[in-house]
Each structure stands twice: as C-alpha cells, then as structure tokens.
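Taking it in order: structure first as structure tokens, then the write-up.
2 protein chains.
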Amino acid sequence: MEPLLLFPDPAPPELAQALDLVGYPWKAVTDERAATRNEPEDGWAGGVVVAANDAEGAFSLCRALRKRDLPLEPLLLLISGAQLGDLELRDDLFDDFCLYPFQPLELEARLKHLFWRTGRGTRPELVEYGPLVLNLETYQAGIDGHPLDLTYMEYELLKFLASHPGRVFTRETLLSRVWGYEYYGGARTVDVHIRRLRAKLGEEHASLIQTVRSVGYRFGQSRWGV
Amino acid sequence: MEPLLLFPDPAPPELAQALDLVGYPWKAVTDERAATRNEPEDGWAGGVVVAANDAEGAFSLCRALRKRDLPLEPLLLLISGAQLGDLELRDDLFDDFCLYPFQPLELEARLKHLFWRTGRGTRPELVEYGPLVLNLETYQAGIDGHPLDLTYMEYELLKFLASHPGRVFTRETLLSRVWGYEYYGGARTVDVHIRRLRAKLGEEHASLIQTVRSVGYRFGQSRWGV
DNA sequence: CCCGACCGTGAACGCTATGTGAACCGAAAC
DNA sequence: GTTTCGGTTCACATAGCGTTCACGGTCGGG
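Line by line, the protein sequences are chains A and B.
Take the first sequence: its position 138, counted from the start at 1, is 139 in our numbering, and no numbers get skipped.
Take the second sequence: its position 47, counted from the start at 1, is 48 in our numbering, and no numbers get skipped.
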C-alpha cells in the first residue's frame, strides 16, 4: 500500500504510533513542496493533517493538495475541540475530521470508513511475496506487474503456499488444507498443479516453489537462509 | 426544513436539546414501522441513530431504512467507544459516525458536513465506470452516450456491480446484496440476469462483466495498487 | 556404481460450472 | 377478463478444468 501523507513533520508521536499499530505506512511532510517531492509513484494513499497546532499551515496545505489535477483523497483532518466552530465546510478541504487528541480506535475507524467511502482501496487484501501479488478480492494474481491467469485450484493452492512462505507442506497436508478436509484422492494431483503453477510463473520465477524430496513442497526461501 | 429521524424513542434528552439548540427539527421513532408511519411527505431530511444503548435495534433500523427505494440519507450513527471495533462498513449502513456521549459542537459540525457533502454534488448521484453511466435519481442507464433499457432487477444488479468495480462476488453474495437478505431461490437466476445484462451492454462492452469460474462474477478491471 | 524410491511430464478422461434457449407464472397494465 | 412484461426455473450443450495414469528422468543411499 502506498503511504499516507502526514502533517506536520515531524508527526506527533501518538499519531505515528497509532498508524503503525494498524499497519498504515506513512510519511510526514512540512509543506506542499515536500509533499510533491516525496510523493510516491502511484500517489499518496490519502492524507492525515493535524490542524490542532499549526492551523494556518494545515489549512493551506489542504487547500494546495486539493487544488491539484489529482486531488489528495481521502483527507482526514485532526482538529482541537476549540476549532470546531471555525470549520469551513464550503471549500471542500477535507473528507472527514476527528477531534484531537484522538482515540486510536476512532482514528482507525474513520480511516477505514473513509477508504471504504471513497472507494480507494479498503486496503485490498493482498498476499504478497517478492514479485508475486495475489488480490484476494478480485481473484487476480500478478507477477512482476503482469497479470497471471490462474484457474481456481491453482489460485487457491498458490494462495495457501504464498501465505506460508518458507514452510514445507506434505502433499497430504496440502490436500486437506487446500482441497478440503475430507478430500480423498491421489496425492499426485498436487504434483500436477505444482507443475502448472511453475509453468505459469515463468522460468524466471518457477523456483519460487521448491521440491523437498520425499517430503513435499515449499514456497519461497527456506527460513534458515537456503 | 423536513425533520430528522431520531432513534430511539424517546430520544436522549441531550441529543434532543443539542438539535433544538442549532435549529434542526426532529422526530423520534421506535422502529421501522414508526419511521414509515411518521415519515414526512417529502421524506426525512436525514437520520441520527443512537446505537450506544440498543445496538440491535439501531442497526436493524439502519438496515431497513437503507434498503428502501429512497434510502434514508444522510445517516449519522452515534456509538460508544466500546463499539468502535465492531463497526461493519461493507453494508453501507451509515454515512458518518460520532462517539457517544458527544460534544454538541462536534455533532453540529458533523451534521453540517454531512448535509454539505450529500447536498452539493460531492455525492455521486451517478455511478460511472468507463462508458457506463447509471443515474440513480432517474433510474436510467446509458453506455457510450446511448440509453440502455434495463429492467428493475437488471438495473439493481448492474448498479451493485458497477459500484464495486474489480471485486468478485459469488452468486450467493449477489443474491443477498441485490435481491435481499432473505431471498431464497436458485443461484442460476443470477446467471440469467448476467447474460441479459451482457446482451444489452452490447458485444463491445459485454466483457465489462467477467466470469470468475467456480467463484462468481466481476465487473470491470481490477485495481492493482490502491 | 546400481537400484529403487521419488518426482516431472505429457496426454487423456470425465465431471462440473457456465452459457443458452425456452417455458412457466405471477403481477401489473390495459 | 385479457394481455404484456419481467423474474424465475428448467433442460440441454459445451468447454474449461481437475484428476488420473503411464512413462521416463533424477536423486540418494547402500
């Protein structure tokens, strides 16, 4: 996920900590120039602007970032109770606000709600490993940025493996965990799916799935550093 | 101005007082039936639902009022801090929330913000995706600028899909989200509607709805990053 | 070095999910 | 009452995909 833009810089410790705890990456900026200079390739995921201390700087930053061709969105404003009366709504400077100081749970809930509302990723549930990306919502997979056309079982198998990198699974374990607990069929079925996965991963990445002779298969690097 | 709908009935005194102070007319209701019976001619101006005490009743009321042809909007939910973690977003039960007990100024600001947001075009009364346009107010659809003649269920299904581009939905999910929570019928019904939608979208755009074999259907391309 | 267990590979089989045409049926419109 | 429209269901065709099998290669232990 792309990072959130934070203001001011340095970010208030409790804000940084709250975001870290729930897994939002972030980057603090001092003004619009810094925001442009540090902007990720795919743009900011959103913004959290604290107006409680430096209201002037906060609002002018919001104004600047909202006037762009691709306005910063969503934008959460943190204000003190005393500023509630001064909120200017008609300029569309922000999408939601939150009292500062805040409860971490409320901040998290507002961010979740904002991302959901604006349609920008509810943080799409992804399984990632190196160049491999599995989007659990869209049932799509990609490697090196290119889409990967997987069948249902291939996707399920790869999802399970990539969710537990470094661990070795026997064919029986895979059959029960991926296919289903009461599956009864030949264990060689797993081999065939592994082969097709390797083929679709391409020569370059086929080694992501390793064979552990007389045990089973492992995805990714072993935990003891090969 | 039409009154706001309040829950529960009787409304908490501090809520009633806060609304009276800033001049919002309101009317408290006990459940959906009361909400329908007391509904003003031009509909409710919005809703303020307190979930802090009777969460069950509050959420079922929200659900009922949101499922109507003309969903209650905007809807502000008042919850206790302990309920923050349980907030369910995916059902679109509310537009904003506020901690309860609340500061009158914050409540006022949130209501102002909500009315501003929903009143002045920031809210899409259109659902758009590429060449497709759904006008939610007039119940009309169009593609490439040409009108699209859809039946009710077709429109509802397309609206739901186009509102969540890129996501995959199982037939069961579609049945419950589009047809209704307690719908009981064959899942193949979905197939038939999908087929008719594809036919009406035209050969050129039929691929807007993709089949994800042994999972369900997906509308549009997936979003990779965000 | 040899043997056997283990695994990769290609192809074939058969099932199941989906597409498709059409019939059915209730409700609304006339 | 009759007609029309739209939602649902059914039956059939089909292709995509999971499974199985046989063959041959490879690795490792004795």
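Built from N, CA and C at the ideal position, the CB exists for glycine as well.
A quick note: this is a predicted structure, and the numbers were derived from the prediction, not measured.
- Val-169(B) sits close to Thr-139(A), with the two beta carbons spaced by under 9 Å.
- Within 9 Å of the CB of Arg-219(B), the CB atoms of chain A belong to Thr-139, Tyr-140 and Gln-141, in sequence order along the chain.
- Close partners of Ala-56(A) in chain B (Cβ separation under 7 Å) are lacking, with about 15 Å as the shortest Cβ gap.
- A direct Cα-to-Cα measurement between Phe-98(A) and Glu-107(A) gives close to 11 Å.
- If you draw a straight line from the Cα of Pro-102(A) to the Cα of Val-50(A), it comes to about 13 Å.
- Asn-54(B) counts as exposed, since fewer than 16 other C-beta atoms from the protein chains shown sit within 10 angstroms of its C-beta.
- For Ser-81(B), there are no C-beta contacts with chain A under 7 Å, since the nearest C-beta of that chain is about 11 Å from it.
- Put simply, of Arg-214(B), Phe-220(B), Val-216(B) and Ser-215(B) the residue whose alpha carbon is nearest the alpha carbon of Ala-207(B) is Phe-220(B).
- Close to Ala-207(A), with beta-carbon spacing below 8 Å, lies no residue of chain B; the smallest spacing is near 23 Å.
- Under the rule that a run must span 4 or more residues, the alpha helix (DSSP H) segments found entirely inside the region 151 to 218 of chain A read 153 to 164, 172 to 175 and 189 to 202.
- When the five nearest sequence neighbours on each side are left out, the beta carbons in the same chain lying within less than 8 Å of the beta carbon of Gly-181(B) are those of Lys-68, in order along the chain.
- Residue state for Pro-72(A) is assigned as coil, using DSSP reduced to three classes.
- Nearest CB-CB separation between Leu-88(B) and chain A: below the 9 Å threshold.
- According to the DSSP secondary-structure assignment, Lys-28(B) is paired through a beta bridge with Leu-6(B).
- A residue is called buried once 16 or more other Cβ atoms fall within 10 Å of its Cβ, and His-114(A) is buried on that count.
- In the DSSP assignment, the residues bridged to Val-50(A) are Phe-8(A) and Leu-78(A).
- Looking at the DSSP output, Cys-99(B) sits in a beta bridge with Leu-79(B).
- From the listed residues Thr-174(B), Leu-202(B), Arg-197(B) and Asp-93(B), the smallest Cα separation to Gly-187(B) is found for Thr-174(B).
- For the region 141 to 169 of chain B, the set of residues with a beta-carbon nearer than 7 Å to any beta-carbon of chain A comprises Gly-167, Arg-168 and Val-169, in chain order.
- Interface criterion not met: the Cβ of Ala-35(A) is under 9 Å from no Cβ in chain B.
- Boundaries of the beta strand (DSSP E) harbouring Leu-135(A): 133 to 136, taken from the DSSP string.
- Assignment of beta-bridge partners to Gly-143(B) by DSSP yields Val-134(B) and Pro-148(B).
- By the criterion of a C-beta distance shorter than 8 Å, Val-216(A) is surrounded in its chain by Val-169 and Thr-171, once the five residues flanking it on both sides are discounted.
- The C-alpha of Pro-41(B) is placed about 44 Å away from the C-alpha of Tyr-25(A).
- When the five nearest sequence neighbours on each side are left out, the beta carbons in the same chain lying within less than 6 Å of the beta carbon of Ala-12(A) are those of Ala-29, in order along the chain.
- In its chain, beyond the 5 residues on either side, Pro-132 have a beta carbon closer than 7 Å to the beta carbon of Asp-145(A).
- Interface annotation, Asp-97(A): in contact with chain B, CB-CB separation under 9 Å.
- The DSSP-derived three-state label of Glu-107(A) is helix.
- For the pair Ala-36(A) and Gly-48(B), the Cα-to-Cα distance works out to about 38 Å.
- Comparing alpha carbon positions, the residue from Glu-3(B), Val-179(B) and Phe-161(B) closest to Leu-73(B) is Glu-3(B).
- Separation of Leu-137(B) and Ile-195(B) (C-alpha to C-alpha, rounded to the nearest whole angstrom) is 20 Å.
- DSSP places Glu-15(A) inside the alpha helix (DSSP H), whose first and last residues are 14 to 23.
- Per DSSP, the beta bridge partners of Glu-129(B) are Val-134(B).
- Apart from sequence neighbours up to five positions away, the residues of its chain that approach Leu-7(B) with a beta-carbon distance below 6 Å are Trp-27, Ala-29 and Val-49, ordered along the chain.
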